[in-house]
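I have placed the structure first, in the form of structure tokens, so that the comments after it can refer back to it.
In the numbering used here, the protein residues as written are 2 to 207.
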């Protein structure tokens, strides 16, 4: 039974390490590619915000035969990445700040994963109020997620104002990914808090 228990412990530890390594790699990769992409956009004199078509608006694209086109109706809610050239300086600034906030959320996730890795390597994942680290990361992701979405919405409105048209929607569209991740980490923080209490109680009995 002891060998089975040790095997399960090693397997669980290995899986956790793989998840942490994947999280760090994904977050750092998103930051690097995000920064490179942003610099490239600014160097080319354009930005590429995510836009949402307005209801009852239509776009047409040529099928290539020169005679017919494909009608794409608006109001479907699907996001598209639009290249915007000639946006005002204020619009570009808002877009850059919105992008930076999104990258900061990725950085917060990477830092949290590295701190968790350090705790696991030290053999004390619940020591030194680990739940506070998780709760702090959760709060940061929630704040950055909401602020980033508001800034992204603001940049979309600014782009539409620059263009002087309403092909795209000015309505706020909630993106749940970052907020959901922040709430999930809040649950992990609660689990860590109970883990710390259990560890202290166990140490007190020994």
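Cβ atoms here follow ideal geometry from the backbone N, Cα and C, with glycine treated the same way.
Cutoff 7 Å; reference residue i; Cβ partners in own chain excluding five residues on either side
i	result
residue 173	154
residue 84	47 and 49
residue 134	113 and 116
residue 1	Residue 1 lies beyond the residue range present for the chain, which begins at 2 and ends at 207; the question has no answer from this structure.
residue 193	127, 131, 132 and 135
residue 29	111
residue 105	145
residue 53	78, 80, 169, 170 and 174
residue 25	111, 114 and 115
residue 160	50, 85, 88 and 92
residue 118	21
8 Å contact criterion, which residue i and residue j should meet: CB distance rounded
i	j	result
residue 137	residue 179	The Cβ separation is near 16 Å, so there is no contact.
residue 197	residue 131	7 Å
residue 107	residue 31	5 Å
residue 96	residue 139	Incorrect: roughly 27 Å between the Cβ atoms, too far for contact.
residue 211	residue 51	Here the chain comprises residues numbered 2 to 207, so residue 211 is not present and cannot be evaluated.
According to DSSP, residues forming a beta bridge with residue i
i	result
residue 169	54
heavy atom of the ligand ADP below 6 Å from residue i C-beta
i	result
residue 179	Among the components of this structure there are no ligands whatsoever, and the ligand ADP is therefore not found.
Residues near residue i by beta carbon distance below 8 Å, same chain, minus five either side
i	result
residue 121	14, 17, 18 and 21
residue 109	138, 141, 142 and 145
residue 191	132
Cβ-based neighbour list, residue i, same chain, cut-off 6 Å, excluding 5 preceding and 5 following
i	result
residue 2	Model confidence at residue 2 stands at a pLDDT of 49, short of 50, so the residue's coordinates are unreliable; what they give is reported in the following sentence. Around residue 2: no qualifying Cβ.
residue 167	55
residue 151	none
residue 163	88, 89 and 92
residue 189	135
residue 12	none
Residue ranges of each beta strand (DSSP E) within the segment 77–161, 3 or longer: 80–82
Meets three-Cβ-pair contact criterion under 8 Å: the segment 28–48 and the segment 81–101: yes
Sequence ranges, beta strand (DSSP E) only - wholly within the segment 22–57, length at least 3: 51–53
The segment 84–92 / the segment 100–120 touching (three or more Cβ pairs under 8 Å): no
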